[in-house]
Each structure stands twice: as structure tokens, then as C-alpha cells.
Amino acid sequence: MSYQSSTSDVVLIGAGIMSATLGVLFKELEPNWKITAFEQLGVAGGESSNEKNNSGTGHAALCELNYTNEQSDGSIDINAAVRINERFHLSRQLWAYLTNRSLIENPRNFITSLPHVSFVKGEENVEFLKKRFEALSGHPLFQEIEFSQDPERLKEWFPLIMNDRSANESVAGSKIDDGTDVNYGELTRTMYDYLERENVSVNYNHNVLDIKQTTDGLWELKVRDKNGAIGTHTSKFVFIGAGGGSLLLLQKTGIPEGKHIGGFPISGQYLECNNPKVIEQHYAKVYGKNPPGAPLMVVPHLDTRFIDGKRTLIFGPFAGFLPKFHKSGSNLDLFASVKADNMITMLAAGVKNISLLKYLIQQLRLSKKERMNELREFFPNAKDEDWELKVAGQRVQVIKDTPAGKGTIQFSDTEIVHSHDRTLAALLGGSPGASTSVSDMLGLIEKCFPQKLNEWKPKLKEMIPSYGETLSDKPELIAEIKTSTMKALELDNLKKQE
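Structure follows, in C-alpha cells:
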């Protein structure tokens, strides 16, 4: 059984935040291009972008300690934090542009002002946080950061964490009020609503089975719909933005750039509070330090969230392992991804990461009592009956050969892989992910459409005023962008949600 095929200028595979962002950018830059999207689920933002599958942190390196590493000489390297913060400001600018043009009608549906806080225990960690504060406070992007070791001050910032804590315990915190909670699922759905209004053909319940390049340079996709009918679609450009499933699709293309790359899936769980009285006592995203042996993406945090218009509270993540590349995927995904060209890379990763595997096994074996004990490290008075265990999304970390050796797992940043003729690109990796989707998609445009950049630059600057600029060198531009995006996104009323 077959159905009518189509030809497009651009095909987007996967209806997550990345494809949504790229689709919006293309539609603004080239309104007449024919864009087609395929999504195997029945809704946009149903996997990693979904609000119940991620922490919703607007990752801007305000509270995430893994972006500020301590060097051998004791100094704090803030370069990664600066880079992540600048990238998040690009996202805020595009969202503000869409809101100002009424393409997004109510930004409060997806973004909320929320303090971003770091919390540590123990003299060594307190000293680290103090040095981090001193390093960041001298930078114009982080000059509003506060630091305190005063228990009474910390109790104002996060009472649940400080109540009934031992007076002899060495603790410290830092806080920036310019943080956000972002409902990336709602944002993705809103962006796809806009794309559909702009005549983008969005095909839900469609599974891409194969991708091959024809002799005339076009890409041919074999796609199956929900009724089992198979159609063939051709496109000048293809973006594979299928989250964890991107690797499997990239491998189907057969391009050399997709070889010698593997993927390591990590699943997640978190505790969600069901007691409104407890939820009301916490208003922040509070991040701690990585447990020993944990991957960089597993950072404990106690977060206020806004989902479906309702305020809630979560703690996690607890890592785990499933061989699926999607939450709705198959247990055969990992095995299907092992090919002759990446087998050595994958085996090397296994040998080099025995401690990680042991950590994941240990996490899988945690009982409810043990998970609650971890929560009580943050919230001493937590009661078992107030918390329920929930399943988060799947993340697939890139495995590749690097100067550090074969089979290196990439726990930070995302990676764009493109064909040599730049007519196909795939996004791999998971962190910081949705928060830097605009930066990632701008990078893709620069790599794959260099011949169009001069033509597109005025529109890009209209959408994203700091495009092409380095914010760190321009304090006045930082202030201007913060003010304009706060106003457009209605972020200038901190704590009115309380």
C-alpha cells in the first residue's frame, strides 16, 4: 500500500524543540520555501522536549556547577558558563521576537521567572562555591549573583532546605534572580502551531524508514503513515532532529560523516511532590554538586516547576539504563545502532566506563527509601507519603573517537553532523539541549547555508539583535537585551506566581 509522495525544500524529521526552532527560522528567512515535517508520535514535543521528560531549567549556567570547573591551581574556569549563558540569551531573543509579533500569544504559558540557586555542603565545597561566586561576579553576564554562608539568609532563599538543618553543618549558597523555568513541550507545540498556520506540512504518526541521496543530489525518504501506507518524499535539505533516534536515522543515510559514532542511552527518574503545602514553601531551582562517579548530566536539584498551569516541585534526577533511544522506542535500539564501523568505538566506551556502568546499576537498584534519603540530603524533613516516583525521558549521549582516545562519551554539549555537500544535517547529544536550541540551529544554518548568510543576516539581526556579537564584550548590549526580553516574555514580575 502506498500514498501520494511530495517534494520539499526542507524536510524536518522529529517534531521536537530543535526541529521547531529550525522550522521557525527557515519560515522567517524564506517564507516561500516548502517545508515538510514528519513525527512518529501523534503530537509535537512528545519525547525529550516534553515538559514531563526534562527538568525545565532555562540552562544559562547560573546555578549549574558543572559549567564552572576548578583548575589544578585552584582557580575557577568560567568559560563554559559564559558560553552557555550567551547561548541562552539567543533563545530568549528569538522567543521575545515571536511574542512581539504575536506569533506566540502568551509567553507565560511556557516561561516563568524563577531564581536559580546553587547549594553545597562541607568546607571544601563551600570554598569552591565562594571562589566560583568571586569569578562569576566580575563578569558582566553574572554581576547580579549573590553568595551567602549565613543560615538565616539561606533560609530566606530556600526554607525547605534549611529548616531543621544542623547548626554545625558547613553550608553555602549562591543565587541569581534572572533564572527561568521553561515548559519546552508547550513552547514546541506553540511553535508547531505557528508553522502549521504558515502552511508547513506537519505529518504526525509518520515513521521515516529510510533516507538515501539520489544521483541528482536530492534526498529521498521512505515514510510509513499510521495506516501502514508507504510514500516516498524528496527534499533539497533534510534535518534529522529526532532526539535519541537521530543516530539510527543518520546511519541509514550512509554518509561517511555518520560513521564511527555511537550512542549511549541513559534513562531518568525523579520524585514529584504531591503535597501543596510543601510545594508552596519552595520557589527556586536549587542545584547541588555531582555525586562521585555520576555523569555530568546527573546533578541533584530541587526544582519548582510550572506544568499545565500548575505549580509543582520535583527532585532528581536518578539515573538508570534502558537500551531504548526514545522513551517510546524499542529495547533493540542500542543493539541496532552497533555497526561494523562503530563497533570498536562502542567497545572502547564500555571498557573505559566501567565505573559509569556500576553507577547506573546502583541507581537502578535504589529503593524508594534510598531515593528519599537522597532527597533528605537537600530537604531534611521530606516525608515519604508526599513524594511519587516518575519516569523522565531518555537521553542518548554521543560516543566518538577524540584526541582523548577511542570511545569517549560526550556528556556535555550537542553536536551537528552534516554531509560533505551540506544538504543533510543531524543533531546528536543531549546537553544543555533545549535551552540552547536557537544557538544550535543558528550554527546549523551557518554550516549548511554559508552562501545565504549575507542575504539572511539583516533578518537574523531583526529576530536576534545580538546575532554575530559577543555579549561579554558589550555590557550595555547585555542590559538592553535583558530588559527587552524580560518585558516581551513578561519576566519582569518575579514571584508574582507565588
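In our numbering, the protein residues as written are 1121 to 1618.
All C-beta atoms, glycine included, are put in the ideal place defined by N, C-alpha and C.
Unbroken beta strand (DSSP E) run spanning residue i, endpoints
i       : result
Lys1447 : Neither: Lys1447 is in no beta strand (DSSP E) and is coded neither H nor E.
Val1516 : Arg1515 to Thr1522
Pro1437 : Lys1430 to Gly1440
Gln1530 : Gly1525 to Gln1530
Asp1129 : Ser1126 to Ile1133
Glu1535 : Glu1535 to His1538
Gly1293 : Val1291 to Ile1296
Residues of its chain near residue i, where Cβ-Cβ distance is below 6 Å and the 5 sequence neighbours each way are ignored
i       : result
Gln1401 : Pro1279 and Leu1280
Ser1128 : Lys1154, Thr1156 and Ser1355
Pro1227 : Thr1219, Leu1609 and Glu1610
Ile1427 : Glu1171
His1326 : Phe1158, Val1343 and Asp1345
Ile1296 : Leu1182, His1236, Glu1264 and Ile1265
Ala1545 : Phe1359, Ile1536, His1538, Leu1564 and Cys1568
Thr1177 : Lys1405
Any chain D beta carbon closer than 8 Å to residue i
i       : result
Ala1468 : Absent here is chain D; the protein component of the structure consists of one chain.
Residue span of the alpha helix (DSSP H) that contains residue i, given as start and end
i       : result
Lys1241 : First-last for Lys1241: His1236 to Lys1241, but that is the beta strand (DSSP E), not the alpha helix (DSSP H).
Gly1305 : Tyr1304 to Arg1317
Val1144 : Ile1137 to Leu1149
Ala1599 : Pro1595 to Ala1608
Ala1456 : Asp1453 to Ala1456
Ala1545 : Where Ala1545 is concerned, there is no enclosing alpha helix (DSSP H), although the beta strand (DSSP E) it sits in stretches over Leu1544 to Leu1548.
Pro1578 : Leu1573 to Met1583
Gln1191 : Taken as a continuous stretch (DSSP letters only), Gln1191 belongs to no alpha helix (DSSP H), as it is neither H nor E.
Gly1470 : Met1463 to Lys1472
Asn1493 : Lys1488 to Phe1498
Gln1371 : Ser1366 to Thr1373
Rounded Cβ spacing between residue i and residue j (contact assumed at less than 8 Å)
i       : j       : result
Leu1338 : Ile1133 : Going by Cβ atoms, the distance from Leu1338 to Ile1133 rounds to 15 Å, so no, they are not a contact pair.
Glu1392 : Glu1243 : Not quite, the Cβ-Cβ distance comes to about 33 Å (not below 8 Å), so this is no contact.
Ile1519 : Ala1469 : 5 Å
His1421 : Gln1514 : About 19 Å separates the two Cβ atoms, so there is no contact after all.
Gly1136 : Ser1169 : 4 Å
Phe1498 : Phe1435 : 7 Å
Trp1161 : Tyr1324 : Going by the sequence as given, residue 1161 is Leu instead of Trp. 7 Å between Cβ atoms; contact.
Glu1306 : Phe1230 : 4 Å
Gly1293 : Phe1248 : Not really, about 13 Å apart at Cβ, beyond 8 Å.
Beta-ladder partner(s) of residue i, from DSSP
i       : result
Ile1386 : Arg1515
Arg1425 : Thr1432
Tyr1407 : Ser1238 and His1421
Tyr1324 : Glu1159
Cys1568 : Answer by DSSP bridge pairing: none, since Cys1568 is not bridged.
Leu1591 : For Leu1591, which the question treats as bridged, DSSP gives no partner whatsoever.
Trp1507 : Cys1393
Thr1300 : Ser1233
Thr1177 : Asp1301
Ile1331 : Leu1341
Asp1560 : The partner list for Asp1560 (beta bridge, DSSP) is empty, contrary to what the question assumes.
Ile1381 : Lys1520
Asp1197 : Asn1189
Cβ shell of residue i (< 7 Å), same chain only, five flanking positions each side left out
i       : result
Glu1618 : Any reading at Glu1618 must be qualified, since the residue scores a pLDDT of 45, below 50, and its modelled position is unreliable; no value is offered.
Gln1263 : Ser1257
Leu1486 : Phe1438
Asp1284 : Pro1500 and Asn1501
Lys1615 : Here the model assigns Lys1615 a pLDDT of 45, short of 50, so the residue's position is not dependable, and the following value carries that caveat. Closer than 7 Å at the Cβ level, and outside the excluded window around Lys1615, lie Tyr1403.
Asn1245 : Lys1409
Ser1539 : Ile1375 and Glu1377
Met1606 : Asp1612
Arg1273 : none
Glu1566 : Leu1573
Val1202 : His1259, Leu1261 and Ser1592
Close beta carbons around residue i, own chain, < 8 Å, minus the five adjacent residues each side
i       : result
Leu1562 : Leu1145, Leu1210, Leu1580, Ile1584 and Tyr1587
Asp1461 : Lys1379 and His1380
Asn1394 : Asp1506, Trp1507 and Glu1508
Leu1467 : Gly1527
Gly1440 : Ile1386, Ser1387, Gly1388, Gln1389, Leu1480, Gln1483 and Leu1484
Lys1459 : Gln1371 and Lys1379
Ser1125 : Gly1351, Thr1352, His1353 and Thr1354
Glu1589 : Leu1597
List in chain order: all unbroken beta strand (DSSP E) runs of 3+ residues lying wholly within the stretch 1206 to 1283. 1231 to 1233, 1236 to 1241 and 1266 to 1268
Which runs of the beta strand (DSSP E) spanning at least 3 residues fall entirely within the stretch 1333 to 1359, listed in chain order? 1339 to 1344
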